[in-house]
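Worksheet: one structure, shown below.
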Amino acid sequence: MSPSGSIVPTPTTIAAKPPLIDFDVLQEYIIPRKAFFNRFLTVQDPEGRYSVLGFPVLIPDAKYQRNEFIFNFGLVLDADAEQAPYERVRLLAAGLVPLTLTPFAAGSLNPTLDAILCAGLILHSHLGFQAIIVDYVPAKRFPKSRKGISWGLNAATALVGLGLYEFETND
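Remember, my numbering sits 17 above the position in the sequence shown when you count from 1.
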C-alpha cells in the first residue's frame with residue numbers, strides 16, 4: 018500500500034506534484050526476477066534522492082491465478098537517511114514469509130498463529146513509538162514529560178493488547 022500518487026501518478030496528483038520515484042525505471046527491482054526473491058534489496062532512484070528498501074516475496078501455489086503470489090514489503094526513504102533503524106522492519110518482513118505459508122500448510126488459521134501475529138504487531142508498534150520518544154523527547158530537557166509520554170505509550174500498548182485479545186477471543 019502506498020499513498021495515492023506517491024509511486025504511480027493519478028490524474029489528481031499529476032498537477033499537484035510528481036511521484037517520489039519513477040516506477041517505470043525501478044519496476045525491475047520492485048517486482049524483480051525470481052533470482053532476487055526472498056532477499057533484501059536496496060536500490061536508489063536515478064536522481065539519487067530516494068532509496069527503496071525491499072523484500073520481494075514469491076509464493077508458488079497452483080491455487081493462485083498465475084500459480085504464484087508475488088508481493089514486496091518495502092519502504093521508500095530519503096537517500097541520505099540512516100538505514101540502520103529500518104533493519105528491524107527488514108527482519109519483520111523476513112519473518113512474515115513463513116507466517117504467510119503457515120495457514121496454507123495447516124489448513125486454516127489457528128489461535129496460536131493469531132497470538133504470534135498480534136504479539137508481533139504490538140511489539141513492533143511499541144518499539145517504533147518508543148524510538149520516536151527516545152529520538153525526539155530529550156530526557157535532560159523534558160524529564161517529566163518524557164516519563165509521562167513513556168507511561169502513556171505503555172498504557173496505550175496494554176490497551177491495544179487487551180483490545181486485540183478481546184477481538185480474538187470473542188470473534
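Just so it is clear, CB atoms sit at the ideal spot from N, CA and C, and this is done for glycine as well.
Bear in mind that the values here come from a model prediction, so they are computed numbers and not experimental data.
Legend entry - Rounded distance between the beta-carbons of residue 75 and residue 51, thought under 8 Å: 6 Å
Legend entry - DSSP three-state assignment for residue 44, whether helix, strand or coil: helix
Legend entry - Span separating the alpha-carbon of residue 100 from that of residue 94: 8 Å
Legend entry - First and last residue of the uninterrupted beta strand (DSSP E) at residue 37: Note, residue 37: premise wrong, no beta strand (DSSP E); not H, not E.
Inset, instruction - Check the DSSP bridge columns for residue 71 and list the partner residues they point to. - result: 58 and 91
Legend entry - Local conformation of residue 183 per DSSP, three classes: helix
Inset, instruction - Sort 88, 62 and 115 by Cα distance to residue 96 and report the nearest one. - result: 62
Inset, instruction - Return the chain-ordered list of same chain residues with a C-beta closer than 6 Å to the C-beta of residue 66, the five sequence neighbours on each side being excluded. - result: 96
Inset, instruction - Quick one: residues in its chain with C-beta nearer than 6 Å to the C-beta of residue 131, no 5 flanking neighbours on either side, listed in chain order? - result: 185
Legend entry - Span separating the alpha-carbon of residue 91 from that of residue 42: 16 Å
Inset, instruction - Return the chain-ordered list of same chain residues with a C-beta closer than 8 Å to the C-beta of residue 103, the five sequence neighbours on each side being excluded. - result: 70, 92 and 94
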